[in-house]
Amino acid sequence: MPTLQTPRLICTPITPQDWPFFLALQQDQQVMRYVAEDRPPEVIREAFDARLPAWSPGSEHWLCLVVRDIATKAPLGVTGYRHHEADCAEVGFLFATQAQGKGYGLESLQALCRYAFAEGGVRRLIATVTAGNNASKRLLEKVGFVQEGELREAFWLAGRWHNDWLFGLLHHEYRESR
90 MPTLQTPRLI CTPITPQDWP FFLALQQDQQ VMRYVAEDRP PEVIREAFDA RLPAWSPGSE
150 HWLCLVVRDI ATKAPLGVTG YRHHEADCAE VGFLFATQAQ GKGYGLESLQ ALCRYAFAEG
210 GVRRLIATVT AGNNASKRLL EKVGFVQEGE LREAFWLAGR WHNDWLFGLL HHEYRESR
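Here our numbering is used: the first residue of the sequence shown is 90, the next is one more, and so on.
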């Protein structure tokens with residue numbers, strides 16, 4: 090299982106000891122406002138448990154890495170990816186409110202992309218963002234993702250339909266821009 094490191098961050102596979110942080114992240118309405126509605130702890134626990142098994146490139150379940158401050162080891166968020174096909178994977182990330190706007194998302198997503206392309210056998214990364222989530226859109230674009238489309242009324246959240254923005258990043262585009 091991969092461990093990714095940047096100058097400020099260490100991203101390690103999620104463990105059972107990360108449950109309190111994962112639960113708090115998933116229950117933070119500010120963090121989840123574009124992701125999911127309130128869910129009971131047992132539903133969140135199922136999502137958590139699904140991320141615990143050993144992961145290797147090509148696994149069908151999410152690679153879930155806890156992003157931590159390298160100095161304090163304090164958890165800041167989670168990032169990872171899940172294969173849709175052998176060479177195509179979807180990235181995702183969530184950061185605690187107090188960790189947002191400090192460049193942690195950019196730093197960890199760049200490390201994740203490097204790993205996925207160099208060691209994970211990925212040719213194409215994709216991301217789906219609920220329309221209106223401009224912070225996530227800007228983050229993806231900073232890393233080199235291109236908005237490839239928009240699905241109208243594709244996601245039911247908070248009592249109404251939302252559009253989804255679709256992003257993609259090809260391996261050769263990432264290499265060229267780094």
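Glycine included, each C-beta is placed from N, C-alpha and C at the ideal position.
These numbers come from a predicted model, not from an experiment.
C-alpha gap between residue i and residue j, whole angstroms
{"i": "VAL180", "j": "THR104", "result": "19 Å"}
{"i": "ALA163", "j": "CYS100", "result": "11 Å"}
{"i": "PHE206", "j": "TRP245", "result": "32 Å"}
{"i": "SER148", "j": "GLY210", "result": "11 Å"}
{"i": "ARG171", "j": "LYS191", "result": "25 Å"}
{"i": "GLY166", "j": "THR95", "result": "15 Å"}
{"i": "ALA188", "j": "VAL120", "result": "11 Å"}
{"i": "PHE137", "j": "ASP107", "result": "9 Å"}
{"i": "HIS261", "j": "PRO146", "result": "19 Å"}
{"i": "ALA143", "j": "GLU208", "result": "16 Å"}
{"i": "GLY222", "j": "LEU228", "result": "The amino acid occupying residue 222 in the given sequence is Asn; Gly does not appear at that position. Near 10 Å, if we compare the C-alpha coordinates of LEU228 and ASN222."}
{"i": "PHE234", "j": "PRO109", "result": "32 Å"}
{"i": "CYS202", "j": "THR217", "result": "16 Å"}
{"i": "ASP158", "j": "ALA224", "result": "21 Å"}
{"i": "LEU259", "j": "LYS226", "result": "17 Å"}
Beta-carbon contacts of residue i that lie in its chain and below 7 Å, excluding the five residues immediately before and after
{"i": "ARG140", "result": "ILE103, HIS150, TRP151 and CYS153"}
{"i": "ILE133", "result": "LEU112 and GLN115"}
{"i": "ALA243", "result": "ASN252 and ASP253"}
{"i": "PRO130", "result": "LEU112"}
One or two residues paired with residue i in a DSSP bridge
{"i": "ALA143", "result": "None; ALA143 has no bridge partner."}
{"i": "VAL232", "result": "DSSP output for VAL232 lists no bridge partner at all."}
{"i": "THR101", "result": "VAL155"}
{"i": "GLY166", "result": "VAL156 and PHE184"}
{"i": "GLY238", "result": "LEU255"}
{"i": "ALA216", "result": "PHE256"}
{"i": "ARG171", "result": "GLU179"}
{"i": "LEU244", "result": "Reading off the sequence shown, one finds Phe at residue 244, where the question assumed Leu. According to DSSP, which records beta bridges pairwise, PHE244 is partnered with HIS251."}
{"i": "GLN94", "result": "ILE99"}
Sequence-distant residues of its chain with Cβ nearer than 8 Å to residue i (five each side left out)
{"i": "ARG264", "result": "PHE206"}
{"i": "GLU239", "result": "ALA220, ASN252, ASP253, TRP254 and LEU255"}
Presumed contact (8 Å Cβ cut-off) between residue i and residue j, rounded CB distance
{"i": "HIS251", "j": "THR219", "result": "5 Å"}
{"i": "PRO91", "j": "TYR193", "result": "The pair is not a contact, with the Cβ atoms about 18 Å apart (cut-off 8 Å)."}
{"i": "GLU230", "j": "LEU255", "result": "Between LEU255 and GLU230 the Cβ distance is about 13 Å, and since that is not below 8 Å, they are no contact."}
{"i": "ASP117", "j": "THR161", "result": "Not really, about 20 Å apart at Cβ, beyond 8 Å."}
{"i": "LEU195", "j": "VAL232", "result": "7 Å"}
{"i": "ARG212", "j": "CYS177", "result": "7 Å"}
{"i": "ALA247", "j": "GLU126", "result": "6 Å"}
{"i": "LEU93", "j": "ALA175", "result": "In fact, because the Cβ distance is near 21 Å, the residues do not count as touching under 8 Å."}
Same chain, Cβ closer than 6 Å to residue i, neighbours up to 5 away in sequence not counted
{"i": "SER268", "result": "Look at the range of the chain in this structure, 90 to 267, and you will see that residue 268 is not part of it."}
{"i": "ILE215", "result": "GLU179 and GLY257"}
{"i": "VAL124", "result": "none"}
{"i": "ARG241", "result": "ASN252"}
Residue i beta carbon near the ligand NAD (any heavy atom closer than 6 Å)
{"i": "VAL124", "result": "Absent from the structure shown: the ligand NAD. Ligands present: none."}
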